[in-house]
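In the working numbering, the protein residues as written are 1467 to 1671. Here is the structure we will look at.
Here is the structure:
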């Protein structure tokens, strides 16, 4: 599997040493969960959850699936929220700048088909509830990417483990001169951390 050229350039700039030790401690819980499933020869199912499933959880699903496939770890990465909105266009533009190829279908809550390589299956990305049928795993880790969802979703059916991995919301920079830079900054933080997570799995290529 060969990533698109622009995406290769993005990945080459990842630097795991820039992840603070405190943050690596947070990520270690996710590493341990994935490793336990790999060791038991069980499916790895990750559902990244944020309130609106519009920015951080979408970034997380896309980068996690890309990282898993990049390191040769079989994993199913999903995302969802507690309210349905849309995959924010600013976040979509950010993943395009990173090197993903994206096409869309629909208007109000479009389905975005996100591709990282010619020979890969596209990820179908849209805003949806965490228990939407498209997230068809019965047993999964709920990875909470925002504080609001983490604090206001006390029970998520089907969850084997709940793992808070919170990120700041780039939404606060909407319609400012910093908008694109801040969306890219958040996307790259999530990407760097999730590539770090999958690089730590014993059995990764």
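We treat Cβ as the ideally placed atom computed from N, Cα and C, and that holds for glycine.
- Listed as beta-bridge partners of residue 1547 by DSSP are 1595.
- Distance between residue 1585 and residue 1535, taken at the CA atoms: about 12 Å.
- Contact annotation: the segment 1479 to 1490 does not touch the segment 1544 to 1562, with fewer than three C-beta pairs closer than 8 Å.
- Taken through DSSP and simplified to helix, strand or coil, residue 1579 comes out as strand.
- In this structure, DSSP gives residue 1607 an extended state, which the three-state scheme calls strand.
- When C-alpha distances from residue 1532 are compared across 1657, 1669 and 1520, the shortest belongs to 1657.
- With at least 16 other beta carbons inside 10 angstroms of its own, residue 1501 counts as buried.
- Note on geometry: alpha-carbon atoms of residue 1526 and residue 1649 lie some 13 Å from one another.
- The C-alpha of residue 1654 lies about 27 Å from the C-alpha of residue 1598.
- Distances from the CA of residue 1476 to each of 1550, 1494, 1563 and 1511 were compared; the closest alpha carbon is that of 1563.
- Counting other Cβ atoms within 10 Å of its Cβ, residue 1514 reaches 16 or more and is therefore classed as buried.
- Annotated as proximal: residue 1551 and residue 1593, with beta-carbon spacing under 7 Å.
- The Cβ atoms of residue 1629 and residue 1603 lie no closer than 7 Å to each other.
- Around the beta carbon of residue 1636, 16 or more other beta carbons lie within 10 angstroms, which makes this residue buried.
- Annotation for residue 1578: 1553, 1558, 1568, 1570, 1591 and 1592 place their beta carbon closer than 7 Å to its own, counting only its chain and skipping 5 residues before and after.
- According to the DSSP secondary-structure assignment, residue 1570 is paired through a beta bridge with 1578.
- By DSSP's assignment, residue 1512 forms a beta bridge with 1543 and 1607.
- Take the alpha-carbon of residue 1609 and the one of residue 1473: they are about 24 Å apart.
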